[in-house]
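In the working numbering, the protein residues as written are 40 to 292.
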């Protein structure tokens, strides 16, 4: 890469890091840039996963206050996404690159619909209860399974995995959106760390791209956490849905 291309990758990491901690579609920015700069798609995907780990670290540090509010859920999200991402990383290395291309954009659009409608869905579900029910602050078995499946997708490709996790946590828990956003950021980090370790051991990587992405993404992830905390919940939800729709349309085009 030339000097100008180095700066482009650092700037891409910065923007993608901010997206990791807010709307959750970072890979739709960073992955295409790496491919455009000449990296083969599988190498770009694996390198992107490793290079974006600092974004999740920066974002999780920025959201540490929110994560401390729900320690039980926090640890369960880490474990389920980490375990799921192992399967996703194996799929990336073993299957043809086009296996999920047909279904993933529609899955992202569906999860965008859930994220957007989550307040109304939650109110409707609670109205169906015959008596007052305490807020849900623990993961149900169904939510845990879907969190693990989101981890699988995060290990495989990851574009839109943050939006998917927002949908899973938003429907399964009665928590403030800022806390759900923090948990989503940590979930993406857990999936990237485990998948990244596998890629370091067995996949071809571009370490220059990884280093440049990491340099920008750790700053962007931390800054994005502060931005995500300041955004009004309704505006953040709208941005998440818009980002997910753009991600899905981009993948369909």
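All residues carry an ideal CB built from backbone N, CA and C; glycine is no exception. Here the structure is a predicted model, which is why all the values come from computation and not from measurement.
What are the boundary residues of the alpha helix (DSSP H) that includes residue i?
{"i": "residue 235", "result": "216-241"}
{"i": "residue 271", "result": "Segment: none, residue 271 is in no alpha helix (DSSP H) and carries neither H nor E."}
{"i": "residue 100", "result": "92-101"}
{"i": "residue 193", "result": "180-195"}
{"i": "residue 53", "result": "42-60"}
{"i": "residue 128", "result": "110-133"}
{"i": "residue 206", "result": "200-211"}
{"i": "residue 67", "result": "66-75"}
With a CB to CB cut of under 6 Å and the five nearest residues on each side skipped, what residues in its chain are close to residue i?
{"i": "residue 243", "result": "82"}
{"i": "residue 230", "result": "120, 124, 190, 193, 194"}
{"i": "residue 264", "result": "60, 98, 101, 102"}
{"i": "residue 287", "result": "144, 147, 148"}
{"i": "residue 212", "result": "175"}
{"i": "residue 181", "result": "none"}
{"i": "residue 185", "result": "207"}
Residues in its own chain within less than 8 Å of residue i by CB, not counting five upstream and five downstream?
{"i": "residue 245", "result": "73, 78, 82, 83, 86"}
{"i": "residue 183", "result": "115, 119"}
Ordered along the chain, which non-local residues of its own chain (more than five positions away) have a Cβ less than 7 Å from that of residue i?
{"i": "residue 279", "result": "62, 63, 154, 202, 205"}
{"i": "residue 223", "result": "63, 201, 204, 205, 208"}
{"i": "residue 238", "result": "85, 88, 89, 128, 244"}
{"i": "residue 70", "result": "83, 84, 87, 198"}
{"i": "residue 248", "result": "48, 73, 78, 86, 90"}
Taking residue i as the reference, which of the options has the closest Cα?
{"i": "residue 91", "options": "240, 235, 215", "result": "235"}
{"i": "residue 109", "options": "261, 214, 272, 44", "result": "214"}
{"i": "residue 107", "options": "218, 48, 251, 159", "result": "218"}
{"i": "residue 227", "options": "239, 122, 272", "result": "122"}
{"i": "residue 257", "options": "93, 58, 48", "result": "93"}
{"i": "residue 53", "options": "211, 252, 232, 75", "result": "252"}
{"i": "residue 271", "options": "283, 220, 149", "result": "220"}
{"i": "residue 196", "options": "180, 65, 46, 114", "result": "65"}
{"i": "residue 232", "options": "95, 248, 254, 179", "result": "95"}
{"i": "residue 28", "options": "241, 179, 47", "result": "Outside the modelled stretch of the chain, which goes from 40 to 292, sits residue 28, for which no answer is possible."}
Whole-angstrom Cβ separation of residue i and residue j, contact assumed at under 8 Å?
{"i": "residue 289", "j": "residue 67", "result": "6 Å"}
{"i": "residue 40", "j": "residue 266", "result": "Residue 40 to residue 266, Cβ: 29 Å. No contact."}
{"i": "residue 259", "j": "residue 55", "result": "7 Å"}
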